[in-house]
Amino acid sequence: MADFLIMAKDKTHTDPEKDARCYKRGDIVEVFEHGKMQVPPIGSPFILVRVTGITKAQADQYMEEDKEAFITPKLEPDYIMVRRRVYNIDYTLLPLAIINKLRDGRFIEISLLQAKNFIRNKVTGELG
Amino acid sequence: MAEIVRYVNTASSGGDGTTNATSGVNAAYASLNSWEAAENADLVTATNTHTVICEGSAADGNPVTIDGWITNATYYITIRTDAAGRHTGIWSPSKYRLSMNGVTALTVNEAYTRCYGLQIEDYGTAGYHNFINHNLGNFFIFGYGIIRKTTSDLGVHNAFYAATSGNTAYIFNTLIYDMGRVNYDDSGAGVFQYWYNCTAQNVTASAGAFHSWGNRGVFKNCIAQDCTNGFAGNINTTDSTNNCSDIVSDAPGANPQTGVVTFTNKAGDDFSLSASDAYAKDLGTDLSADAIFPFSDDIIGVPRSDTWDIGAFAYITASGGSVIPIFMKHYKGLRI
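Heads up: the protein sequence lines correspond to chains A and B, in order.
Mapping of the first sequence onto our numbering: position 33 corresponds to residue 33, and the numbering continues sequentially without gaps.
For any residue, its number in our numbering is found by taking its place in the second sequence, counting from 1, and adding 1000.
(1) Going along chain B, which residues have a C-beta under 7 Å from H13/A?
(2) Taking the runs of the beta strand (DSSP E) that are 3 residues or longer, which of them lie wholly in the region 1232-1292 of chain B?
(3) Given this structure, state the Cα-to-Cα distance separating Y1170/B from D1297/B, to the nearest angstrom.
(4) Distance check for K101/A and L1287/B, CA to CA, integer angstroms please.
(5) Applying the 10 Å Cβ sphere with the 16-neighbour rule, what's the burial state of L5/A?
(6) Determine the direct distance from the alpha carbon of N1242/B to that of Y1196/B, and round the result to whole angstroms.
(7) Can you grab the Cα-Cα spacing for the pair F32/A / N1026/B, in whole Å?
(8) Give the secondary structure of M1/A by DSSP, where H, G and I count as helix, E and B as strand, and everything else as coil.
(9) Could you check what DSSP says for D1067/B in three-state terms: helix, strand or coil?
(10) My assumption, with CB atoms under 8 Å, is that Y87/A sits in contact with I42/A. Please give the rounded CB distance.
(11) Out of L75/A, K11/A, H34/A, which one is the CA nearest neighbour of R50/A?
(12) Can you find a CB in chain A that lies within less than 8 Å of the CB of V1005/B?
(13) Quick check on the burial criterion: 16 or more other C-beta atoms within 10 angstroms. Buried or exposed for Q1119/B?
(14) Ignore the nearest five residues each way along the sequence and tell me which others in L94/A's own chain have a CB closer than 7 Å to its CB.
(15) Taking Cβ-Cβ distances below 7 Å as the criterion, which residues of the region 1003-1029 of chain B are in contact with chain A?
(16) Please report whether the beta-carbon of A1046/B lies at a distance below 8 Å from any beta-carbon of chain A.
(17) For S1094/B, does the count of other Cβ atoms within 10 angstroms reach 16, so buried, or fall short, so exposed?
(18) With DSSP as the reference, label G128/A as helix, strand or coil.
(19) Starting from N1197/B, find everything on chain A with Cβ-Cβ shorter than 8 Å and list it in chain order.
(20) In three-state DSSP terms, what is W1213/B?
(21) Rounded to the nearest angstrom, what separates T1238/B and A1254/B at their Cα positions?
(22) For T1168/B, does the three-state DSSP call read helix, strand or coil?
(23) What does the Cβ neighbour count give for M7/A, buried or exposed, with the cut at 16 atoms within 10 Å?
(24) Could you please give the first and the last residue of the uninterrupted beta strand (DSSP E) stretch that includes I1143/B?
(25) For Y1112/B, which of helix, strand or coil comes out of DSSP?
(26) In whole angstroms, what separates the C-alpha of G1137/B from that of I98/A?
(27) Using a Cβ-Cβ distance cut-off of 8 Å, determine whether F46/A contacts chain B.
(28) With 7 Å as the limit, tell me which residues of the region 72-85 of chain A have their beta carbon closer than that to any beta carbon of chain B; keep them in chain order.
(29) Nearest-angstrom Cα distance between A1037/B and L1283/B?
(30) Using the rule of at least 16 other Cβ atoms within 10 Å of the residue's Cβ for burial, across every protein chain shown, is G128/A buried or exposed?
(31) State yes or no: is the beta carbon of E33/A nearer than 8 Å to at least one beta carbon in chain B?
(32) Taking 8 Å as the cut-off, does the region 1053-1073 of chain B touch the region 1008-1015 of chain B (at least 3 CB pairs, one atom from each stretch)?
(33) Using a beta-carbon distance below 8 Å, is D10/A in contact with chain B?
(34) For A1030/B, count neighbouring C-beta atoms within 10 Å of its own C-beta (all shown protein chains included) and say buried if the count is 16 or more, exposed if not.
(35) Is DSSP giving E17/A helix, strand or coil here?
(36) In the DSSP assignment, find the unbroken alpha helix (DSSP H) run with T1306/B in it and report its ends.
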């Protein structure tokens, strides 16, 4: 099992480029070992999704930044982050019952199989 | 104007960050990354400065990007350790540290970000990457830090990297060892880096440990030892001064020192100065009134009260004529 710390609201910026690099609702901010995190307090920008059937090491992939690689003028490899995360929990796909549970309790526990119905790769658009 | 203070504690189960407790609603954030995600804000409109204090004996293992804030010279971000979380000049596995497996630990895309007392390491074998990117982080300040690589692919890593023009960085009182390069800037123009009282040990890239393009790197009181090429590139030798290297004709600027610095315990990664040292002790220039970046202490916060030494560590001469290595007063409870 792994604890997914999820952004529950959009962060914004007046500069469109920087705004794109702000965390957005549903972004998987961080993955912790199962049981590490307590339920986020009221007012927190986070919710906690505990996912069964996956280890932290396996879940770490969901923290991948969306970044573009380039070669610098001095021929060094470099990259720039364009969005905080490749993966998010797509709120539009969450059943109403789960949305209500997250709103009221800021926590759910679901299986990996269930989670794959809501975790979207924002680059490819694919689920899972 | 208010100072917002938040806490990170790697032992915490995650709270609102308003205390350093490890559980409860007011618990510290569990990682620097989750602090950044939660607290990211417009400091200028709110007229706030923001300080995050990092603690915890477990490693903080997720990379952090500082981005999406609004800051200026008055309303800035400070990331620092306190006494509970700070090293004592030697890498400590029980103090706060960013510990990465082959990825950049800290990316600063926000101007006016200050980092004090951080330990940053990489234990991966993933090939080329930078430990700290401050590409967009103009007026970046980093001090009192220790940066190291613990696996053998040293040659392809930069401790600090900047690739965007219009970027000024001040790095002081910092120890970097077992690394490919200390720093590298890759811009066409505009990256100005001021390196004061830093120590580089076993930094192996042939392109140079301390590096500068376009006459924009200034080095004062810096040590390069056991490096393939200590100081390289187009360094501002007019403003650089009192540097030391064990390579002949390497230390840039005025008053260069050439020789093997005697550290307290090099094999044990204790790079404080030995009483017998002849190439760094009492050979620095006083930067307490420096026009660009004045400061007056060393890597562990000890005042540089007598003649300045080269490198991250001050060597303290006790009153009465006896000499006390700096670590003795910390490890044995002595106070000068």
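The C-beta atom is built at its ideal place from N, Cα and C for all residues, glycine as well.
None of these values were measured; they are calculated from a predicted model.
On the basis of the coordinates in this document:
(1) Against chain B, the beta carbon of H13/A has neighbours under 7 Å at G1068, listed in chain order.
(2) The region 1232-1292 of chain B contains these whole beta strand (DSSP E) runs: 1263-1265, 1270-1273.
(3) Answer to the nearest angstrom: the Cα atoms are 15 Å apart.
(4) Counting only the Cα atoms, K101/A lies some 58 Å from L1287/B.
(5) Buried, by the Cβ-count rule.
(6) So the alpha carbons of these two residues sit roughly 10 Å apart.
(7) CA-to-CA, the gap between F32/A and N1026/B works out to about 19 Å.
(8) Looking at M1/A - three-state DSSP - the assignment turns out to be coil, as it is neither helix nor strand.
(9) In this structure, D1067/B counts as coil in the three-state DSSP scheme.
(10) Incorrect: roughly 26 Å between the Cβ atoms, too far for contact.
(11) It is H34/A.
(12) Taking Cβ atoms only, chain A never reaches closer than 8 Å to V1005/B, which makes this a no.
(13) Looking at its Cβ environment, which holds 16 or more other Cβ atoms inside 10 Å, Q1119/B is buried.
(14) Answer for L94/A: F118, listed in chain order.
(15) Against chain A - using a Cβ distance shorter than 7 Å - the residues of the region 1003-1029 of chain B are S1013, G1014, G1015, D1016, S1023, V1025.
(16) Not an interface residue.
(17) Burial call: exposed.
(18) The three-state secondary structure of G128/A, taken from DSSP, is coil.
(19) The contacting residues do not exist; N1197/B stays about 27 Å from chain A at best.
(20) Three-state DSSP puts W1213/B in a strand.
(21) Taking the straight line joining both Cα atoms gives about 8 Å.
(22) T1168/B: strand per DSSP, three-state reduction.
(23) Its Cβ being crowded by 16 or more others within 10 Å, M7/A is buried.
(24) The question names Ile, but residue 1143/B in the sequence shown is Gly. From DSSP, the beta strand (DSSP E) with G1143/B extends over 1140-1143.
(25) In this structure, Y1112/B counts as coil in the three-state DSSP scheme.
(26) Roughly 40 Å separates the two Cα atoms.
(27) Look at F46/A: its C-beta is under 8 Å from a C-beta on chain B.
(28) Only those residues of the region 72-85 of chain A whose C-beta falls short of 7 Å from the nearest C-beta of chain B are listed: T72, P73, K74, E76, P77, D78, M81.
(29) Near 44 Å, if we compare the C-alpha coordinates of L1283/B and A1037/B.
(30) Counting the other Cβ atoms within 10 Å of the Cβ of G128/A gives fewer than 16, which makes it exposed.
(31) Between E33/A and chain B, the shortest Cβ-Cβ separation is not below 8 Å.
(32) Counting C-beta pairs with one atom in each stretch, the region 1008-1015 of chain B and the region 1053-1073 of chain B have three or more that are closer than 8 Å, which means they touch.
(33) Closer than 8 Å: no.
(34) Buried, by the Cβ-count rule.
(35) Residue state, collapsed to three classes: helix.
(36) The residue you asked about is not Thr; residue 1306/B is Asp in the sequence shown. Boundaries cannot be given for D1306/B, as no alpha helix (DSSP H) includes it and DSSP labels it neither H nor E.
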